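Our numbering applies: residue 158 is where the sequence shown begins, and numbers increase by one.
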Amino acid sequence: MSALRLGLLGFPLGHSLSPRLHTAALSAMGLEGEYRLYPVPPLPEGETAWRMLFERLRAGDLHGLNVTIPHKQAVMNELDFCEDEARIIGAVNTLGVDNSGRVWGANTDAPGFLRDLYARLGNVLPLQGGRALVLGAGGAARAVVYALIRAEWEVWVCARRGEQAQMLVESLRASLPYAPLTALEGVPPREALPPRLNLLVNATPLGMAPHSETLPWDEALPIPEGVAVYDLVYNPRETRLLAFARAGGAPAVSGLGMLVEQAALALERWSGQAVPRSAMWQAVAEDSSPQT
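Pasting the structure below:
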């Protein structure tokens, strides 16, 4: 295999962990390659750089790109082929190119989340038929909700603006008409929380540096007994939500594992080989302040 030329499209990217993850994995796999950052401002400001990257993909000069904020939805308009899961979710985080120069898009966030969720919280969660409350209604939340629905969970989507939660629910129901989904506005009071919850997921940026003191949950409302917490934020490693949950006795993990899993799944698509997760974990084990 020739050297893989890979990278990350997004903005800003100053402290991304992706190059460290992929470089470590490529080395462990014995593959030549590079992984670069391609900071492209939101459109239309980043239009020229955006076009150049897609031209390089179609020409075979780049073999694959990860996509992060703010481009996960915009890239869908440039694809020659979009996989069904990514189309239903409404967001793409992985780009590749086939032998004909066609650019394809996929979403490894959803399976990455589910794999890490069960790897680290599977001992306290049902494999199917669980009940989850998801905070947020953006691209990350869409991937999480989709993953849980496909695993036959019942999901409540909570956003500060109720119409955003409702839009997410209606969008997914267009492809999954019988999905057990409910939209909520704001964190509900104790008496209005969905009953028999198993999982609380923070899919908002609240709690992320440089606003690490923000808590995406009502501080006066303890995490319900029997509920595990998954915080997609991983900068800082110990978010306020994780500390709050653990102080109340709830099992809780950060989104660093999802970052590793989605990266590994993307690299498997590009290389056609199994990716050693251990090499990726080791690459970020010493770091205490990732931002992207």
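In this text, a Cβ means the ideal position worked out from N, Cα and C, and glycines have one as well.
Nothing here was measured: the structure is a model prediction, and the numbers come from that model.
Take the Cβ of L284 as the centre, count every other Cβ of all protein chains shown within 10 Å, and call the residue buried at 16 or more, exposed below.
Residue 284 sits at position 127 when you count from the first residue of the sequence shown. Looking at its Cβ environment, which holds fewer than 16 other Cβ atoms inside 10 Å, L284 is exposed.
Give the DSSP-derived three-state secondary structure of N234 in the structure shown.
Translated into positions along the sequence shown, residue 234 becomes position 77. Correct three-state label for N234: helix.
Answer yes if the segment 373–387 comes into contact with the segment 325–336, meaning at least three C-beta pairs across the two stretches below 8 Å, and no otherwise.
no
Could you check the C-alpha separation between A267 and L188 for me, to the nearest Å?
The count along the sequence shown starts at 1 and reaches residue 267 at position 110. The count along the sequence shown starts at 1 and reaches residue 188 at position 31. Spanning the two alpha carbons is a distance of roughly 26 Å.
If you draw a straight line from the alpha carbon of W313 to that of L333, how long is it in whole angstroms?
Residue numbering aside, residue 313 sits at position 156 when the sequence shown is read from its first letter. Residue numbering aside, residue 333 sits at position 176 when the sequence shown is read from its first letter. Spanning the two alpha carbons is a distance of roughly 15 Å.
Leaving aside the five residues before and after H336 along the sequence, list all residues of the same chain whose C-beta is less than 7 Å from its C-beta, in chain order.
In the sequence shown, residue 336 corresponds to position 179, counting from 1. The sequence shown places Ala at residue 336, rather than the His named in the question. Counting only Cβ-Cβ distances below 7 Å, and skipping sequence neighbours, we find I306, L329, R330.
Taking buried to mean at least 16 other C-beta atoms within 10 Å of its own C-beta, is R299 buried or exposed?
Residue 299 sits at position 142 when you count from the first residue of the sequence shown. Buried, since its Cβ has 16 or more Cβ neighbours within 10 Å.
Taking the C-alpha atoms as reference points, what is the distance between A421 and L170?
Within the sequence shown, numbered from 1, the residue matching residue 421 stands at position 264. Within the sequence shown, numbered from 1, the residue matching residue 170 stands at position 13. One C-alpha to the other measures close to 19 Å.
Span of the alpha helix (DSSP H), counted from its first residue to its last, around T180
The residue labelled residue 180 in the question sits at position 23 within the sequence shown. Run containing T180: 175–186, per the alpha helix (DSSP H) assignment.
Proximity winner among T251, P199, V344, M186, relative to A423 (alpha-carbon distances)
Taking the sequence shown and counting its residues from 1, the one referred to as residue 423 is at position 266. Nearest of T251, P199, V344, M186 to A423, Cα basis: T251.
List the endpoints of the continuous alpha helix (DSSP H) containing Y275.
Indexing the sequence shown from 1 puts residue 275 at position 118. Note, Y275: alpha helix (DSSP H), 266–278.
Kindly list the residues whose CB is nearer than 6 Å to the CB of A185, restricted to its own chain and excluding five residues on each side of it in sequence; keep chain order.
For this step, residue 185 is matched to residue 28 along the sequence shown. Excluding residues within five positions, the ones whose Cβ falls inside 6 Å are P433, A436.
When we look at the beta-carbon of F401 and count the other beta-carbons within 10 Å, is it buried (16 or more) or exposed?
Mapped onto the sequence shown, residue 401 falls at position 244. Per the 10 Å Cβ criterion, buried.
My assumption, with CB atoms under 8 Å, is that G343 sits in contact with C315. Please give the rounded CB distance.
The residue given as residue 343 occupies position 186 in the sequence shown. The residue given as residue 315 occupies position 158 in the sequence shown. G343 to C315, Cβ: 7 Å. Contact.
Going straight from the alpha carbon of I380 to that of R162, what length do you get?
For this step, residue 380 is matched to residue 223 along the sequence shown. For this step, residue 162 is matched to residue 5 along the sequence shown. Going from the Cα of I380 to the Cα of R162 covers about 44 Å.
For V358 and A181, what's the separation of their Cα atoms in angstroms?
Here residue 358 is taken as the residue at index 201 of the sequence shown, counted from 1. Here residue 181 is taken as the residue at index 24 of the sequence shown, counted from 1. Going by the C-alpha atoms only, they are around 29 Å apart.
Relative to the C-alpha of G412, which candidate in I245, A431, N392, R213 has its C-alpha closest?
On the sequence shown, position 255 is the one that residue 412 refers to. Out of I245, A431, N392, R213, N392 has the C-alpha closest to the C-alpha of G412.
Just verifying my parser: in three-state terms, what is the DSSP assignment at S445?
Along the sequence shown, one-based indexing puts residue 445 at 288. Because the pLDDT at S445 is just 44, under 50, the model does not fix this residue reliably, and the point stays unresolved.
Quick one: Cα of P345 to Cα of R394, how far?
Within the sequence shown, numbered from 1, the residue matching residue 345 stands at position 188. Within the sequence shown, numbered from 1, the residue matching residue 394 stands at position 237. Looking at the two C-alpha atoms, the distance is approximately 27 Å.
Going by beta-carbon coordinates alone, are G296 and I226 separated by less than 9 Å?
By 1-based counting over the sequence shown, the position of residue 296 is 139. By 1-based counting over the sequence shown, the position of residue 226 is 69. Yes.
I need the straight-line Cα distance from T449 to S257, nearest angstrom please.
For the purposes of this step, residue 449 is taken as residue 292 along the sequence shown, with counting starting at 1. For the purposes of this step, residue 257 is taken as residue 100 along the sequence shown, with counting starting at 1. Only weak support exists for where T449 lies, its pLDDT of 35 falling under 50; the value from the coordinates is given anyway. Using only the alpha carbons, I get a separation of about 32 Å.
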